[in-house]
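S.K.: The sequence shown lines up with residues 0 to 221 when you count with numbering that gives the first Met the number 0.
C-beta atoms are modelled at their ideal positions from N, C-alpha and C, and glycine is treated no differently.
If you're wondering where the values come from, they're calculated on a predicted model, not measured in any experiment.
Following this message is one structure expressed as structure tokens.
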Amino acid sequence: MSIQANLKEVQSTLPPHIRLVAVSKFHPIESLQEAYDAGQRVFGESKVQEMTQKYEALPKDIEWHFIGHLQTNKIKYMAPYVAMIHGVDSFKLLAEIDKQAAKAGRIIPCLLQIHIAQEETKFGFSFDECREMLEQGEWKKLKNITLAGVMGMGTFTDDREETAREFQSLGDFFLEIKQKHFADEPSFKEISMGMSDDYPIAIEHGSTLVRVGSRIFGERNY
Ligand SMILES: *Cc1c(COP(=O)(O)O)cnc(C)c1O
């Protein structure tokens with residue numbers, strides 16, 4: 000199937016309030032252009048250099064979402080144009096994004112990445128680490144970022160119930176911190192969860208942004 004047909008098929012399964020981030024990492028510019036021509040405007044990339052090259056080559060009404068693991072020294076390259084950064088998992092990174100956003104004269108929406116999977120990885124706040132960071136309150140002084148919600152990745156598993164539990168836990172956590180810290184901030188509204196294999200489950204559990212790659216662009220070679 001063509002990228003255009005894949006995109007249509009995915010879009011047709013999404014409720015109207017759910018936004019699709021087309022994850023185009025490792026795919027060539029031509030594939031992104033094809034998705035663009037089919038109407039897609041939100042793209043997700045996981046390497047700053049690759050995203051910046053694509054940003055430079057493609058139309059300027061694209062929203063670029065950074066979904067990869069962040070390195071402090073790369074933030075400055077995307078600060079002038081990135082629409083949302085999904086993977087923020089420390090106060091230090093948030094402060095660095097704020098600093099680079101200020102230099103670029105922008106306010107960058109960021110999502111707090113929460114570790115919800117059973118797999119051991121070093122990425123993402125635990126629920127408690129995130130609570131602590133929010134309680135501590137230093138983030139309120141950062142004027143060039145907005146906290147726009149949370150992001151998480153489920154365990155890579157065929158166990159649909161496990162996946163559902165993990166997504167539910169992120170949905171519950173979102174509501175908890177929304178109530179406690181962002182009750183008066185309508186911009187804290189995103190739950191970024193769900194990928195090619197599990198996005199329908201994520202939607203059942205409150206996702207607002209799904210990050211779908213291979214189902215649109217085909218398998219990646221990496
Ligand atoms: C690669 C990636 C995706 C997309 O994965 P697919 O299985 O190809 O849909 C989504 N989110 C993150 C964080 C990724 O790194």
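Work out the CA separation of Gln10 and Leu31 for me, nearest whole Å.
M.R.: Taking the first residue of the sequence shown as position 1, residue 31 is located at position 32. Taking the first residue of the sequence shown as position 1, residue 10 is located at position 11. Each residue's Cα considered, the two are about 16 Å apart.
S.K.: Starting from the C-beta of Lys75, find all residues in its chain whose C-beta is less than 6 Å away, skip the five residues before and the five after it, and write them out in chain order.
M.R.: In the sequence shown, counting from the first residue as 1, residue 75 sits at position 76. Answer for Lys75: Gln99, listed in chain order.
S.K.: Determine whether the beta carbon atoms of Lys46 and Lys24 lie at a separation below 8 Å.
M.R.: To locate residue 46, count along the sequence shown from 1; it is residue 47. To locate residue 24, count along the sequence shown from 1; it is residue 25. Yes. Within cutoff.
S.K.: Could you tell me which residues DSSP puts in a beta bridge with Trp63?
M.R.: Numbered from its first residue, the sequence shown carries residue 63 at position 64. Trp63 pairs with Phe42.
S.K.: Per DSSP, Val209 forms a beta bridge with which residues?
M.R.: Sequence index remark: in the sequence shown, residue 209 carries index 210 (1-based). DSSP lists Leu19 as partners of Val209.
S.K.: Using 8 Å as the cut-off, can you tell me whether the stretch 188-195 makes contact with the stretch 154-163, which would need three or more C-beta pairs spanning the two stretches below that distance?
M.R.: These segments do not touch.
S.K.: Pull up the distance between the alpha-carbon of Ile107 and that of Ala82, whole angstroms please.
M.R.: Within the sequence shown, numbered from 1, the residue matching residue 107 stands at position 108. Within the sequence shown, numbered from 1, the residue matching residue 82 stands at position 83. Whole-angstrom Cα-Cα distance: 7 Å.
S.K.: For my contact list, Leu174 and Val149 are in at a C-beta cut-off of 8 Å; report their separation, rounded to the angstrom.
M.R.: Translated into the one-based positions of the sequence shown, residue 174 becomes position 175. Translated into the one-based positions of the sequence shown, residue 149 becomes position 150. That pair is no contact at about 10 Å.
S.K.: Going by C-alpha distance, which of Gln3, Arg130, Ser213 and His204 is nearest Pro14?
M.R.: By 1-based counting over the sequence shown, the position of residue 14 is 15. Residue His204 is the option with its Cα nearest to Pro14.
S.K.: Roughly how many angstroms lie between the CA atoms of Gln112 and Ala4, to the nearest whole one?
M.R.: Locating residue 112 in the sequence shown gives position 113, counting from the first residue. Locating residue 4 in the sequence shown gives position 5, counting from the first residue. C-alpha separation (whole angstroms): 31 Å.
S.K.: According to DSSP, is Pro199 part of a helix, a strand, or is it coil?
M.R.: Stepping through the sequence shown from its first residue, residue 199 is reached at position 200. Helix, per DSSP.
S.K.: What are the boundary residues of the beta strand (DSSP E) that Met50 is part of?
M.R.: Position 51 of the sequence shown, counting from 1, holds the residue named residue 50. Here Met50 belongs to no beta strand (DSSP E); instead the alpha helix (DSSP H) covers Val47 to Ala56.
S.K.: Is DSSP giving Ile115 helix, strand or coil here?
M.R.: Indexing the sequence shown from 1 puts residue 115 at position 116. In this structure, Ile115 counts as coil in the three-state DSSP scheme.
S.K.: Measuring straight from C-alpha to C-alpha, what distance separates Glu44 and Tyr54?
M.R.: What you label residue 44 is simply residue 45 of the sequence shown in a count that begins at 1. What you label residue 54 is simply residue 55 of the sequence shown in a count that begins at 1. Near 10 Å, if we compare the C-alpha coordinates of Tyr54 and Glu44.
S.K.: Going by Cα to Cα distance, which pick from His16, His26 and Ile17 is closest to Glu218?
M.R.: Here residue 218 refers to the residue found at position 219 when the sequence shown is read from its first residue. With distances taken between Cα atoms, Glu218 lies closest to His26.
S.K.: Would Asp171 count as contacting chain C if we go by Cβ distances under 8 Å?
M.R.: Absent from the structure is chain C; it holds one protein chain and no more.
S.K.: Under three-state DSSP, which class holds Leu141?
M.R.: One-based indexing of the sequence shown puts residue 141 at position 142. Note: Leu141 maps to coil in three-state DSSP.
S.K.: Give the single residue among Phe166, Gln167, Phe90 and Phe42 whose Cα lies nearest to the Cα of Thr145.
M.R.: As a first step, residue 145 must be located in the sequence shown, where it is residue number 146. Checking every option, the nearest Cα to that of Thr145 belongs to Phe90.
S.K.: Just how far apart, CA to CA, sit Leu19 and Gly123?
M.R.: Numbered from its first residue, the sequence shown carries residue 19 at position 20. Numbered from its first residue, the sequence shown carries residue 123 at position 124. One C-alpha to the other measures close to 22 Å.
S.K.: At the level of alpha carbons, what is the spacing between Lys140 and Met132?
M.R.: Position 141 of the sequence shown, counting from 1, holds the residue named residue 140. Position 133 of the sequence shown, counting from 1, holds the residue named residue 132. Between Lys140 and Met132, the C-alpha separation is close to 13 Å.
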